[in-house]
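Residue numbers for the sequence shown follow my numbering, beginning at 16 and rising by one.
Positions of the beta carbon are idealized from the N, C-alpha and C atoms, including for glycine.
It should be emphasised that the depicted structure is a prediction, and the values quoted were computed from it without experimental measurement.
Worksheet: one structure, shown below.
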Amino acid sequence: MPGVPSNKACERCKKRHLKCDETRPQCQRCVTAGVECPGYVQTRKFIDQGATVRRRYAPYQDSHTKPSTSANSHLEDENPLNSAQNEGRTAVHQEKPSQVPPGSGKMGSTFSFQLEPSRPDFGTDTSMAEVPTSTIQPGIAVDATDLRTQDTPASRYGTEINRLADFGNKGGSTRSPLQHSEVSGTAMMGLVPNFENNYNIQPPDRQSYGRPFTSESPSQRSEKEEFQDIFSELMTGTEHEIAFLTRHFAEVLGPWLDLSDAAKFFSVYVPIRALNSQCLKYSMAALAAKQLGRVKGSKSCLGRGMFTSPATTETYPNSEQVDWFLKAANYYYLSVSDLTASTSDGYSVVSTSAVLDSPIDLVGRWLNKQAKQGAGQNLDDGSPFRKTEDILATVTVLTSYKLLDAKGEEWHMYLTGIRQVFNTLLQRVQMNSTFFSHGIRACFWNFARQDYLGSYYIRSATHLDPANTPLWRAAGISIDEQEKFHIIPSGPIELSQEDQTFNGLCWLVSKVVNFLAKSKQSQIAQWTGSPPENPSAAHDISSNSSQQSTYPDTSTWIDLCFEFQKWFEGVPETIRPCVRIEHPRDVSKPPDASQIPFPEVFHSFATCAAAMQHYHFGRIALLLNRPQDVISGPSTAFDRLQGYREVTKEVEHRCREVCGIALGRPHAEVRIYMIPLLFAVGQCLESANERQIIVDLLRGVEADLGWATEYAVEKLHSSWNR
């Protein structure tokens, strides 16, 4: 009997295991590669197969040609890996609605994505379970029988999407009928995992941000994106998504908050406590989702191996196409809502305005209420500070969520209220002991670092007053009666020497930032002729009246210099770098290329790497802001010039050290806190090559970790162009 050619690839594509577009007489892959197509095997099929044969024969018409979708298609042809990755995308657009015979109640012989503007006829039978197995193309990786007979998460997702389609046919959808599209098996293959530790993730060509680039019309792209968003929303709150985000927080983001905590409160204890705390669980999910959105779904697997299959909780289907920002906003709202309910009296209804309040304000009001009701009212799980630690940890994570993409000038605003929170906690802790608990202490040092770094941007005083020494002692550092910091080998609390070293330096840098704020106030007072003790300035600078009444003088500056020197003399041995290259050279460039102007320094201890960077940053700030001493200062112009040269030389040395540690690409928890430091160093550099290195380092932090740095780059460019 007469027959027609079967749907087979050309001989060359078949041997190379590539997806053939089956264009006649020569396939497009062979034409693009510049080789002669060997042709197709003319296997015959019987005509009595009817409509199935006609549908399979339709792509062989001369009018149906597949255009090249990329200028680099010849590279895909020569790279089997790229072709295999793009196989799913090319299969999506091979079938057209006109190829489905009229009157067919099924979805067609193939799983295809129908994205035409007209509303397709779903009919009364759109269940994926009813698609005959014999009509599935061999190229599809998963058989529909598996989706029909096995109770897998993939089948459950398919059921949900089919239910969503049925709901739209009944008029329950709020979208226009023209916006409906057939839910196809090919789409499911690209969106759901096969749960064998391998996901059908198709890395798309990114256009500008977050969406794949296709050759479809705008209406088709919007329909596909809408379907992906709907599927992504179905995953929100599921067991797999919560597990994935929790693990991402514990492995990647938790260490950011444990920079000076060897006991790893946020990496170890917080994910475990989140099992019994909804607000803590959702706060971790919010921060993890937002960070994934900032890095476009990429996840670093450093130290997890390269040749073994990842665990299910390490992977997420189509992570690069998920709207992580929408998920982050949802989880943030859930966390703040539960936090509001936890800090309320339990009888009042949570209002929308209360949800919009700052998390720091919520915990501040709750602590004040607890203080008025008396100590011991919040006993939970046998520990008087267990609930306080959980709530404060939630606030710390939610604040990091806000700071992740905030400008440096906005950090100070987001931290408003932390002084009241920790002063209240100090009053409560003094009733039982002298020191904060582990969780409160870990939260305190995160806020302390963010406080002085955010205050440096706007030259404002820190929220946490460094003159309030009982507060800093309760946080775990040793400050004597003369307000001098000491590193003690062993103390009443378990705090390593490295943690004491960095935490003590944070206290010293906070004093320097307040010194800069008072210097700025004195300059403004001299320019305007207004007294420095005006109410607004006094409120911004400090609540300590003794500090408000005096200008910063040379004696204060000298005392700070001596404190920094004493700190450096008492640091432990682990502060030294294990690797240092004084004149590194880029091995990817010719040998005669110029050397990198900075050294490359690597510390094996992340806490010590951050400590040395912040130490040099504090010394630079002091060098550039020395008050004028009219009594003992240089009397001649030559003496003043010599003093300027010495300052310039030392500033250049300390800038090299800060950049050297940054070029060593330290741990992520070090890099996110060096953004203000690189911003300060960049203002001191004059060479175009050195400035470009600073810009590359800043943008590298945002590209790798998702922490916003572009505002710092823009401010540097504006200062360099003046």
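Q: Name the two residues that bound the continuous alpha helix (DSSP H) containing Phe583.
A: Looking up residue 583 in the sequence shown gives position 568. Its alpha helix (DSSP H) spans residues Thr569 to Glu584.
Q: Return the chain-ordered ranges of every alpha helix (DSSP H) run that is complete within the stretch 256–334 and spans a minimum of 4 residues.
A: 269–272, 285–288 and 293–309
Q: Rank Thr358, Gly658 and Lys417 by C-alpha distance to the C-alpha of Gly469 and give the top, closest one.
A: Taking the first residue of the sequence shown as position 1, residue 469 is located at position 454. Comparing Cα-Cα distances from Gly469 to each of Thr358, Gly658 and Lys417, the minimum goes to Lys417.
Q: Please report the residue range of the alpha helix (DSSP H) in which Glu701 lies.
A: For the purposes of this step, residue 701 is taken as the residue at position 686 of the sequence shown. Element bounds for Glu701: n/a, residue is neither H nor E.
Q: Grab the span of the beta strand (DSSP E) containing Arg31 for me, first residue to last.
A: Residue 31 sits at position 16 when you count from the first residue of the sequence shown. Run containing Arg31: none in the beta strand (DSSP E); it sits in the alpha helix (DSSP H), Glu26 to Arg31.
Q: Could you pull the start and end residues of the alpha helix (DSSP H) that Leu473 belongs to?
A: Counting from 1 along the sequence shown, the entry for residue 473 is found at position 458. For clarity, residue 473 is Ile in the given sequence; the question names Leu instead. Ile473 -> alpha helix (DSSP H) spans His453 to Ile473.
Q.
What I want to know is whether the C-beta of Leu575 ends up closer than 7 angstroms to one or more non-hydrogen atoms of the ligand HEM.
A. Summarising the ligand content, the structure contains no ligands, and the ligand HEM is consequently not present.
(Q) Within the continuous beta strand (DSSP E) that includes Arg595, where are the two ends? (A) By 1-based counting over the sequence shown, the position of residue 595 is 580. Segment Val594 to Ile596, the beta strand (DSSP E) holding Arg595.
Q | Pairwise C-alpha distance: Tyr471 and Gly423 | A | For the purposes of this step, residue 423 is taken as the residue at position 408 of the sequence shown. For the purposes of this step, residue 471 is taken as the residue at position 456 of the sequence shown. Gly423 and Tyr471: Cα-Cα distance of roughly 9 angstroms.
Q: Whole angstroms is fine: what's the gap from Phe259's alpha carbon to Thr724's?
A: Counting from 1 along the sequence shown, the entry for residue 259 is found at position 244. Counting from 1 along the sequence shown, the entry for residue 724 is found at position 709. The alpha-carbon atoms of Phe259 and Thr724 are separated by roughly 27 angstroms.
Q) What are the partner residues of Ile502, as DSSP defines its beta bridges? A) Translated into the one-based positions of the sequence shown, residue 502 becomes position 487. DSSP output for Ile502 lists no bridge partner at all.
Q. Which word fits Leu520, buried or exposed, when buried means at least 16 other C-beta atoms lie within 10 angstroms of its C-beta?
A. Start at 1 with the first residue of the sequence shown, and residue 520 comes out as number 505. Buried.
Q: Reducing DSSP to helix, strand and coil, say where Ser493 ends up.
A: Working through the sequence shown from its first residue, we reach residue 493 at position 478. Strand at Ser493.
Q. What do you get for Val56, buried or exposed, if any count of 16 or more other CB atoms within 10 angstroms of its CB means buried?
A. Counting from one through the sequence shown, the residue named residue 56 turns up at place 41. Counting Cβ neighbours within 10 Å, Val56 comes out exposed, since fewer than 16 surround it.
Q | Under the three-state DSSP convention, the category Val602 falls into | A | Counted from its first residue, the sequence shown places residue 602 at position 587. Correct three-state label for Val602: coil.
Q. Would Ile287 be called buried (16 or more neighbouring beta carbons within 10 Å of its own) or exposed?
A. Residue numbering aside, residue 287 sits at position 272 when the sequence shown is read from its first letter. Result: exposed.
Q. When DSSP builds the beta bridges, which residues end up paired with Val616?
A. Numbered from its first residue, the sequence shown carries residue 616 at position 601. Paired residues: Arg595.
Q) Nearest to Ala300 by alpha carbon, out of Val351, Phe322, Thr327 and Ala278? A) In the sequence shown, residue 300 corresponds to position 285, counting from 1. Comparing Cα positions, the closest option is Val351.
Q) Do you know offhand how far Lys664's Cα is from Gly697's? A) For the purposes of this step, residue 664 is taken as residue 649 along the sequence shown, with counting starting at 1. For the purposes of this step, residue 697 is taken as residue 682 along the sequence shown, with counting starting at 1. C-alpha separation (whole angstroms): 16 angstroms.
Q: In the DSSP assignment, find the alpha helix (DSSP H) that holds Asp654 and state where it starts and stops.
A: Counting from 1 along the sequence shown, the entry for residue 654 is found at position 639. Counting along the chain, the alpha helix (DSSP H) containing Asp654 begins and ends at Ala652 to Leu678.
Q: Measure the alpha-carbon distance for Ile477 versus Ser525 and round it to whole angstroms.
A: As a position in the sequence shown, residue 477 is number 462, starting the count at 1. As a position in the sequence shown, residue 525 is number 510, starting the count at 1. The amino acid occupying residue 477 in the given sequence is Thr; Ile does not appear at that position. In a straight line, the C-alpha of Thr477 is about 7 angstroms away from that of Ser525.
Q) Between the stretch 257–271 and the stretch 499–508, are three or more C-beta pairs nearer than 8 angstroms? A) no
Q: With DSSP collapsed to three states, give me the class of Tyr688.
A: Counted from its first residue, the sequence shown places residue 688 at position 673. Correct three-state label for Tyr688: coil.
Q) Can Leu523 and Glu584 be called in contact, C-beta distance under 8 angstroms? A) The count along the sequence shown starts at 1 and reaches residue 523 at position 508. The count along the sequence shown starts at 1 and reaches residue 584 at position 569. No, the pair does not count as a contact, with Cβ atoms beyond the cut-off.
Q) Starting from Ser525 and walking both ways along the alpha helix (DSSP H), at which residues does that stretch end? A) One-based indexing of the sequence shown puts residue 525 at position 510. Gln512 to Thr543 is the extent of the alpha helix (DSSP H) around Ser525.
Q: Give a yes or no on whether the C-beta atoms belonging to Ala621 and Glu667 are separated by under 8 angstroms.
A: Counting from one through the sequence shown, the residue named residue 621 turns up at place 606. Counting from one through the sequence shown, the residue named residue 667 turns up at place 652. No.
Q. Which whole-angstrom value describes the C-beta separation of Cys699 and Cys670, a residue pair presumed to lie in contact below a C-beta threshold of 8 angstroms?
A. The residue you call residue 699 lines up with position 684 of the sequence shown. The residue you call residue 670 lines up with position 655 of the sequence shown. Between Cys670 and Cys699 the Cβ distance is about 5 angstroms, and since that is below 8 angstroms, they are a contact.
Q) Does DSSP put Met446 in a helix, in a strand, or in coil? A) Walking along the sequence shown from the start, residue 446 turns up at place 431. Residue state, collapsed to three classes: coil.
**Q.** Segment limits, alpha helix (DSSP H) that includes Cys35
**A.** In the sequence shown, the residue the question calls residue 35 occupies position 20. Looking at the DSSP string, Cys35 is not in any alpha helix (DSSP H), and its letter there is neither H nor E.
Q.
Buried or exposed for Ser734, going by 16 or more other Cβ atoms inside 10 Å?
A. Sequence index remark: in the sequence shown, residue 734 carries index 719 (1-based). Ser734 should be labelled exposed.
Q. What residue does the alpha helix (DSSP H) around Asp376 start on, and which one ends it?
A. Stepping through the sequence shown from its first residue, residue 376 is reached at position 361. Looking at the DSSP string, the run of the alpha helix (DSSP H) that includes Asp376 is Pro374 to Gln388.
**Q.** Cβ-based neighbour list, Trp271, same chain, cut-off 7 angstroms, excluding 5 preceding and 5 following
**A.** Residue mapping note: residue 271 aligns to position 256 of the sequence shown, counting from 1. Around Trp271: Ala683, Glu684 and Ile687.
Q.
Contact between the stretch 717–731 and the stretch 307–316 is defined here as three or more beta-carbon pairs at a separation below 8 angstroms; is this criterion met?
A. yes
**Q.** Which of helix, strand or coil DSSP assigns to Asp719
**A.** In the sequence shown, residue 719 corresponds to position 704, counting from 1. In the structure shown, Asp719 sits in a helix (DSSP, three-state: H, G or I).
Q | Neighbourhood of Gly379 by C-beta, 6 angstroms cutoff - its chain only, sequence neighbours within 5 removed | A | Numbered from 1 along the sequence shown, position 364 holds the residue referred to as residue 379. Contacts found: Gly432, Gln435 and Val436.
Q) In whole angstroms, what separates the C-alpha of Pro614 from that of Met446? A) Counting from 1 along the sequence shown, the entry for residue 614 is found at position 599. Counting from 1 along the sequence shown, the entry for residue 446 is found at position 431. Going by the C-alpha atoms only, they are around 51 angstroms apart.
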